[in-house]
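The sequence shown begins at 1 in full-length UniProt numbering and counts up one residue at a time. Glycine included, C-beta positions come from ideal geometry on N, C-alpha and C.
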Amino acid sequence: MTAAEHGAVPGGVSGAPTGAPTGAPTGAGGIAGLDMYGFAELQQGYEAYWAEVHRRVPWTPATLTWHDDVHASWTAPELVVGWTCGWPLVSRLVEHVQVVGAFEFDIPECVGATYRSVIVVRRDLAGDGADLGVIDPAWSAAVNSDESLSGWVSLLHAVHGPGATWLGSVVWTGAHVRSLEVLAAGGADLASIDSVTWALVQRLRPELASAVRPVGHGPQVPCLPVVASPDMAADRLAELQRAMVDAVGEPALRDAMRTLLIRRFVPLTLADYLPLHDLAPAG
C-alpha cells in the first residue's frame, strides 16, 4: 500500500481534519471510531449518536476516538468498533474485523446501504450535460489512495471497466477533499469522489465543489462498513447492531442525523461485500 492511503490524513475518507485530539476513550476499555467523514462540522453529531449507542450497549467505549491515522485503528488490538472502506475490508481485513453494517445516507446516489462514487472533472474540461464520454483516457487522475473503493477501484471500473489499469498519470492525494483541491488548482484532470463526501463538500465547501463538474458515476457498491473486533461474541455483535439501528431513530437525534445525512443503519455481513472482488483492478 502506498503513502496515498484511503484518506490517510486526519478525517478519514474525506480528509477534512476535525482538529479533535487523539486519545483513549473513557469508560469501557478499547476504542470506538466513526471518523471516516472527518469534517469538523460533523464531529458533534457523531459524538451525540455514539453517546446514544453507548447508552443502549454500555459495554462499548463511552466516547469516540478521533484518529490521526484511522487506518492503524482497523487492526489495533484495542479496537471495539471502527469504520473502514469496502476495498481494504475485502482485500486485507477479512481476518482482522467482522462487519457490523453500514449507514444508509440521504443522498441521490444512495440506494439502501449502497452508493455510487461521483466522477468529477475540472470545470474547464467539460460543458453542461457532459458525461463519461468526455474523459480522455490519457487524462491525469487525482486519487486519494490505491486502497480506495470510491476513489480508485470505482474510477478504473467507470472509465475502463473491470481488471483495468489507468492509462494516464496519477496524482496521489491522501484524501477526497485534497483530490478536489488538486483539481481546483489545475494539478489533475479528474477524480472519483465518495458521494457522501461530495454531498458534504457541496454543503460545507461550495467554492470547492464549484471548481469541478460531475460527469458520471462509479458502480453501485456497499456503503462504508462499520466493523467490530473479530473477538466480539455473536450475541454482543447482535446487541451492537440493534443499538446502532435504534439510535438513528432516537427523536432527540433528529437534527444530528440530518446534519450527518444519515437515514438509517443497516446490519450487514462480510458476504455483502465479497462481490467487490469482481471490480478488482489489474495488478
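Extent of the continuous alpha helix (DSSP H) to which residue i belongs
i	result
R254	254-260
S195	195-204
Residue i, enclosing beta strand (DSSP E) - first and last residue
i	result
P137	No beta strand (DSSP E) contains P137, which DSSP labels as neither H nor E.
S117	First-last for S117: undefined, no H or E at that position.
L183	Counting along the chain, L183 falls outside any beta strand (DSSP E), though it belongs to the alpha helix (DSSP H) covering 176-184.
A141	141-143
A158	Premise fails: A158 lies in the alpha helix (DSSP H), 154-160, not in any beta strand (DSSP E).
V99	98-105
W172	170-172
Between the CA atoms of residue j and residue i - distance to the nearest angstrom
i	j	result
G112	G101	12 Å
G151	D194	7 Å
residue 284	T84	Only positions 1 to 283 of the chain appear in this structure, which leaves residue 284 out of reach.
V170	A233	42 Å
R263	I107	9 Å
G23	G129	Low per-residue confidence applies at G23: pLDDT is 40, beneath 50, and the placement is therefore not dependable, though the value from the model is reported in the following sentence. Taking the straight line joining both Cα atoms gives about 47 Å.
H277	G218	15 Å
R258	E109	16 Å
D189	L125	8 Å
P25	W198	Residue confidence is low: P25 scores 38 on pLDDT, short of 50, so the model does not pin down where it sits. Its coordinate-derived value is still stated next. In a straight line, the C-alpha of P25 is about 30 Å away from that of W198.
V143	G168	12 Å
L274	V80	22 Å
F103	R116	14 Å
G27	M244	Below a pLDDT of 50, predicted positions are generally treated as unreliable, and G27, at 46, falls in that range; no measurement from the model is reported.
P21	D69	Note that P21 scores a pLDDT of 37, beneath 50, so its modelled location is shaky; the value from the coordinates is reported in the next line. Cα to Cα, P21 sits roughly 12 Å from D69.
V57	Y37	24 Å
V212	L237	41 Å
S229	L64	15 Å
G82	V153	22 Å
R123	L89	34 Å
D35	A138	34 Å
Q44	G29	22 Å
R242	G187	45 Å
D146	D235	35 Å
D272	T165	25 Å
G33	P206	27 Å
G127	T114	29 Å
A72	H160	31 Å
D231	L93	14 Å
L279	A62	38 Å
W172	S210	22 Å
Expected contact under 8 Å - CB spacing of residue i and residue j to nearest Å
i	j	result
L253	T60	Not quite, the Cβ-Cβ distance comes to about 17 Å (not below 8 Å), so this is no contact.
V177	V201	7 Å
H96	W66	Actually they are not in contact, since the Cβ atoms of H96 and W66 sit about 21 Å apart, beyond 8 Å.
A282	G174	Not a contact, Cβ separation roughly 23 Å.
W87	S148	7 Å
V227	V120	Not really, about 28 Å apart at Cβ, beyond 8 Å.
Y46	L268	At roughly 19 Å, the Cβ-Cβ gap does not stay under 8 Å, so Y46 and L268 are not in contact.
A48	A256	5 Å
L204	E78	31 Å between Cβ atoms; not a contact.
A184	L155	No, A184 and L155 are not in contact; Cβ-Cβ is about 18 Å, not under 8 Å.
W158	A191	According to the sequence displayed, residue 158 carries Ala and not Trp. That belief does not hold up - the Cβ atoms of A158 and A191 are roughly 11 Å apart, past 8 Å.
F105	V196	5 Å
L270	V99	5 Å
Counting pairs of Cβ atoms below 8 Å between the stretch 222-234 and the stretch 130-137, do you hit three or more? no
Hey, is the stretch 36-56 in contact with the stretch 248-268, meaning 3+ C-beta pairs nearer than 8 Å? yes
Can you list the alpha helix (DSSP H) stretches of 4 or more residues lying completely in the stretch 206-255, in chain order? 206-209, 234-248
So within the stretch 40-87, which uninterrupted beta strand (DSSP E) runs reach at least 3 residues, ignoring any that extend past its ends? 79-83
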